[in-house]
Structure formats: C-alpha cells, structure tokens
Amino acid sequence: MTLWDWMATPPGLTPHGFCLTWAPGLLGLHAMSDGVTALAYFSIPLALARIVDQRRDLEYRWIAWLFGAFILACGLTHVMSIYTLWVPAYGIEGLIKLVTALLSIATAAILWPMIPRVVALPSPTELRELNSRLSATVVEQARTADLLRQSEARARDVNLELERRVAERTSELSATNARLVEALAQQAAAEETRRESDVRLRLAMEGARLGVFEMDIAGNRGRLDTRAADMTGVGLPADAWLRLDGPELTAWVSHVHPDDLAVRDAAEAALRAGSQETVQMEYRARRADGTWVWLTHWRAVVDRDPATGKATRAIGLMLDTSDRAQAEVALRAALVQRDLLLREVYHRVKNNLQIIDGLLLMQAGAVKDPVARQALSGLRSRIYALGLVHAQLMASANLETFDIAPFLQELTHNIVAGAADSEVRLTVDASPLEVDLDFAVPVGLLVTELITNSLRHAFPSGRGSIQVTLAHREPGEVVLTVSDDGRGAAATDRPGVGSTIVQGLAKQLSAKLSVVDKPGHTTIMVMPTPEIP
Amino acid sequence: MINPKAAPTPRVLIVDDEFIIANSLSLQVEEMGYQVCGMASTAQEAIELAHAWRPDVVLMDVRLKGDRDGVDAAIAIHDEVGSKVIFITGSREPATMARIQEDHPAGVLFKPIYGQQLRTAVETALG
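Protein chains in written order, with my numbering: chain A, 95 to 627; chain B, 84 to 210.
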C-alpha cells in the first residue's frame, strides 16, 4: 500500500456517510453546511487580498496574508468534510487539518503579541481629528507662509535698499580710500622730500663745517653738536643738554675775548628779547690750548612767547672763521699798505713837481729875455696844475677819484691870483663831478692854458672878468666853458704851444671844441662824462 | 751881509730838506724884499739857526730828515725864539693837520705852492 492509498483510500475504513447511516437529510445537512462555510471561507481571503491590494498604506499587511492563508485552510477542511462523507480520505483530511492547525497556531501566536501594536494604530476618529487639526495647521501654515512671503518680499525690498546703500557707501568708501591713498602718496612724497632736504642740509652743514647750537631758552638749556663742541675748543660735551647759566657754558663765555664780549652780549640780548629774528656775531675765543679762534655765530628765533614776543627757542650755527678773519686782517693790512704806498707815490710826484717848479724859478731868475721868462712862467703854471691833481688824489678817500669842482676853484683862483698886477675877476661855477687822474690832468691843463691865454691877451688894461663853468648836459655829457669879456681873438688865432695843447687835449678827452669870438672870447668843450669804475 | 743897525728888514728862516725847493723859496722871499737868514734841512739845524738869527718868520716843511719833524722844530723855535711859523706841507691828512695845530701856526701852505700864496702868507704872518 502506497502513501497515497493510505491517505486517499485507507483500507478498512468507511466513509463518514456510513456513520450517518447514509441518511439523506443528515448527509445533505452536513454537505450543504460545509459547502457554504467553505465558500464563505474561500471568499474572505479574496476580500482581504483586495483590501490589502487597494490599501497600500495599511500597516502589518502580512497579518492579512496570514489570515488569508489560515481561513483558506479552514475552508479546505470543510471541503474535506464534504469529501469524506463519501470517501474515507482521512489521511488527506488530517494533513489539511494539520496544516490548518499550524497556520492557526502561528496566527494566534503572532496575533497576541500584536494586540498592543495594532491597538496603538490610530483609529479613524483620531485620524479625522488629527486630519482636522492638520487641516487647521495647514491653513495656519498657508497663512504663515503667506506672511512669510510678504515678509520675504519686504525683506527683499529692504535687502535691495540695503544693497543699494551698501553700494553707495562702498563707492563713497572707495572714493575716500582713493583720496586717502593719494594723501598717503603725497605724504610719502613729502616725507621723501623732507628726507632729501635733511640729507642736503646735513651735507651742507658738513661741507660748510657748520656747528649747531640749540637753545631751549624757556627750558634754560642748550645743546651743542660735535662740530660746535669741537669749535669751542674748551672740551664742552657734545649732544648733551647744558644749563644756559650752568658752569660749563658760563666758563665757555669767559673764554670769549674781552673786546668782543659787548658784540656777543648785544646780539644775545637782541635775540632773547625777540627784537630781531636773526642775529650774527663774530668774536674771538681762546681755546684750551691757548690759541685764539674767530667764530662767526648766527642765531635765529625758532619759537617765541606769544604774549611777550620773547624768544623761547633758538637755533644757532657756528663757523670757525679764523682763516677768513686772518685773511681779512692780512687784506686790510695790505690795503692800508697799498694806501700808504699810493699816498707816498703821490707825495713824491708832487714833491718832484715842486722841485721842477723850483728849478724853473731858479732858471727864470737867470733869464733876461722877457719871451723866455714868459715861457718859463707858462711852464710853472702847467706844473702847478699837475701838482694840484696829485694833491687832490692824496686827499681822496679811495686815492683814485675826487670831485673836480673844488679842484677847478683852487686851480683857477691861484692862476688868476698869480698873474702880477692884474685886477681880473674870476667866477667859477662847477657842478660836482667825480673824476680820476686820466680826466683831471687834461682838463686841468686845458683850463690852465685857456685862463693863461685870457690873462695874457684879453685884458690890455689889466681889468676884466673870466668865467669858468662845468655843467652836466645830456646824460653822459659834461660841458666845460671858459670865457672872458676881453677884446677877443686872443690866442687861438695865433699858432703856438698853447694852441697845440688845447687842440690835442680836447681830442684826448673826445671833446667837441667850439670857440665863440666877440664879444669876448668863449671856448666850449662838450665831452663824455668820465667813466669811474 | 747882515747889518743889525740897518733898517729892520724882516728875517726869514727857510727849513726844507729839499735843496731845490728851499732855494726857490729863498729866491721868492728875497724877491719880496725880505732877508733870508738861513736855510736848514733838519730840525736840529733849524733850531740852532733860529737861536742864532732870531728870524721873524720861519717857513717850515713838516717832513724833515732825521728823527724830529718840522712840528718839533717849530714848537721849540716858537717857545724859545718867538718866531712866527708858516708850515709848508705836502699832506692835507687830518693826522698831519692835527700835528701842525699843536704849534698854533701863523699860516699853512699846501704844496704845490703857486702864485701869490707865499707872499700872502708871509705878509699875513708879519702883520
């Protein structure tokens, strides 16, 4: 016997209908009830499957599947109950019941622990409530979202405004920054210039060997730099603040030459009082080694008291001018020497002219011929004119030039006075004119010649007048006039030494010579003003 | 040459270390009609001659040979003899003028001398 025979048609067993004695009513009742139950049982898993299929959101879907399987198994047991009414397939029926039992047990075993979890699932009421709350929340959220949008729009506007202002401010800042950069560049350039001029100043100070003395008058202190300290030569400390009335500086002032103290004190007082912006003083100072130095000291006010105007700070520059001072002393001595020598030369020239005059006088005494005597006398007056020029030069301050006006006065008066037995009146009207030897000698000789001519020839009676004028005419021109009121046509119409001298000297002076004869006799010379260096 | 009993012709002493100048002065003085009682070229010589001749007028050059100048001689002569002194100087410098004024001179002539200057000075000195 096979397993299938054992299950489907076990031998020795009777169908269930047999137990029911094949009673048609009982058989029908059982068969019909089991059939309907089985149909109902088979329809339930279909319904469950549909529900599960439609409601994808259901939790614990596998429970539905488990129920479906268990109910399907229950349905199969009912089908087997019908089958066994007529066929004793109790093995298959038992197996199906075993499967049903296992599914039932499994379902039951799983269902119990599931109870709290399934109970915890929200009920539809709760869901509705929840839903309504949710709806409210959603509405609320929509409103909030709307507000949020409005607020966002406002925020966007504000943001735009902010951005605009930021841009504006940024542009302002950029401009400011640019200005700042430019200002910094200018400052840097100024700084560069300042540094450069500092360097120049330092170089200049070094090159010129200038020492610096800073005076903080308000603070009663002063400071020398190294060069200034060296210059004083008495071991004053460099680059250290010293009290202005302290022992070091007081000791230094005591080294100043007594003759130069007044100069120094006056300059110092003027600076402190503020009456002068800058002062300069030159003084000698004795160094520690006993030698004397000449110091030139400039001081300038740096700051002053606004109320009193007195200097509160000053800066001083010191320069050792010993070399220059010595050179100046030597130069002055040389100039004095030169003046002495020049005076001596003029003196000797004058003296020699006086000797020549003496010789002429002696010679004239030995000459009997009146023409020769007159010639010698004429020579004397010319020599006198030369001597008088040198006398003027000796008396002049620069030993080179002098005013020709008093010279003409003295010369003409003495010549006129020297003419014996004459009553000639002389008028001299000479403008001041500074001249040198090269101008004075020919003019002196010319005037001497012209006056001598007039004295000899113009006045047979010995009476008359002579006029001499010297005047500035055009710029750069002087006019010399010698005139008399005598009989006219005196000398120049007679060729002679006098005439030659007059013509020649006029040419030497680049003078335009013109003569007006009758009434009297007038000689006019227009000549360039002498150039005095 | 000199006769003290004769009419009182004024005596003039000439002091100059340049012979030619002294000589020409002498000629001019004699031409004026005065007596030249001597010519000296040093201060010492001038003082000695002044003592010997007691001149009325001395024509005195300021610069002289030797260690004493014309002013020294003039002061001595003025004090000891009483002669009038006319200085003849080549210099118009203040130092020389101040030196000359120490003697209260009767006249001062500046070289070069010309024309009537000498005559006028001597006549003025003699009064």
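Where is the CB? At the ideal position from N, CA and C, for every residue including glycine.
Is the segment 219-229 of chain A touching the segment 184-191 of chain A, taking contact as three or more C-beta pairs under 8 Å?
no
Which residue comes first and which comes last in the alpha helix (DSSP H) that contains proline 622(A)?
First-last for proline 622(A): 615-622, but that is the beta strand (DSSP E), not the alpha helix (DSSP H).
Please check the pair aspartate 397(A) and arginine 381(A), which I expect to be a contact at CB under 8 Å, by giving their CB distance rounded to whole angstroms.
The pair is not a contact, with the Cβ atoms about 32 Å apart (cut-off 8 Å).
Taking CB distances under 7 Å as the criterion, tell me whether asparagine 547(A) reaches chain B.
no
Under 7 Å, Cβ to Cβ, is there at least one residue of chain B near asparagine 508(A)?
yes
Taking a contact to mean a Cβ-Cβ separation below 7 Å, would you say proline 93(B) touches leucine 209(B) in this structure?
yes
Start and end residues, alpha helix (DSSP H) containing valine 443(A)
416-460
Leucine 453(A) touches chain B at which residues, Cβ-Cβ below 8 Å?
Ile103, Ser107
Below-7 Å beta-carbon distance, glutamine 561(A) vs any chain B residue:
no
For tyrosine 377(A), report the span of its beta strand (DSSP E) as first-last.
372-380
Nearest to aspartate 611(A) by CA position, among Ala552(A), Ile626(A), Leu603(A), is which residue?
Ala552(A)
List, from N- to C-terminal side, the beta strand (DSSP E) runs of 3 residues or more that fit wholly inside the segment 282-354 of chain A.
304-310, 315-318, 335-337
Is it the case that the Cβ atoms of histidine 161(B) and aspartate 186(B) are separated by a distance below 7 Å?
yes
Excluding the 5 residues flanking aspartate 451(A) on each side, which residues of the same chain have their C-beta closer than 6 Å to its C-beta?
Arg474, Ile477
Hey, which unbroken runs of the alpha helix (DSSP H) at 4 residues or more fall wholly within the segment 473-559 of chain A?
498-512, 531-551
Rounded to whole angstroms, what is the Cα-Cα separation between glutamine 148(A) and cysteine 168(A)?
25 Å
How close, in whole Å, do the beta carbons of leucine 304(A) and leucine 413(A) come, if the pair is a contact with beta carbons under 8 Å?
6 Å
Ordered along the chain, which non-local residues of its own chain (more than five positions away) have a Cβ less than 6 Å from that of threonine 616(A)?
Ser577, Val610
Along the beta strand (DSSP E) that carries leucine 654(A), what are the first and last residues, could you check?
Because chain A is modelled from 95 through 627, residue 654(A) falls outside the range shown and cannot be assessed.
Would you kindly work out how many angstroms separate the C-alpha atoms of aspartate 155(B) and leucine 453(A), rounded to a whole number?
29 Å
Would you report the Cα separation of leucine 544(A) and glycine 582(A), rounded to the nearest angstrom?
13 Å
Apart from the five residues just before and just after glutamine 200(B), which ones in its own chain have a Cβ nearer than 7 Å to its Cβ?
Leu192
Does the beta carbon of arginine 175(B) sit closer than 7 Å to a beta carbon anywhere in chain A?
yes
Under the three-state DSSP convention, the category aspartate 578(A) falls into:
strand
In chain B, which residues lie with their C-beta within 8 Å of the C-beta of asparagine 492(A)?
Per Cβ cutoff of 8 Å: no residues; asparagine 492(A) is ~14 Å from chain B at best.
Glutamine 561(A), DSSP secondary structure in three states:
strand
For the 8 Å Cβ check, are there 3 or more pairs between the segment 279-287 of chain A and the segment 360-375 of chain A?
no
Residue range of the beta strand (DSSP E) that includes valine 168(B):
167-172
Could you check the C-alpha separation between serine 107(B) and aspartate 579(A) for me, to the nearest Å?
35 Å
Ends of the alpha helix (DSSP H) at glycine 121(B)?
Counting along the chain, glycine 121(B) falls outside any alpha helix (DSSP H), though it belongs to the beta strand (DSSP E) covering 118-123.
Can you tell me whether DSSP reads alanine 585(A) as helix, strand or coil?
With a pLDDT of 49 at alanine 585(A), under the threshold of 50, the predicted position of this residue should be treated as unreliable, though the coordinate-derived value follows. In this structure, alanine 585(A) counts as coil in the three-state DSSP scheme.
What alpha helix (DSSP H) runs, 4 residues minimum, are completely inside the segment 586-610 of chain A?
591-602
Option nearest arginine 366(A) by Cα separation, candidates Val483(A), Lys404(A), Thr344(A), Glu276(A)
Lys404(A)
Report the residues of the segment 437-465 of chain A with a CB closer than 7 Å to any CB of chain B, ordered along the chain.
His441, Lys444, Asn445, Leu447, Gln448, Ile449, Asp451, Gly452, Leu453, Leu455, Met456, Gly459
Leucine 470(A) and alanine 458(A): beta carbons closer than 7 Å?
yes
Residues near leucine 447(A) in its chain [Cβ-Cβ closer than 6 Å; skip 5 each side]
Ile477, Leu480, Gly481
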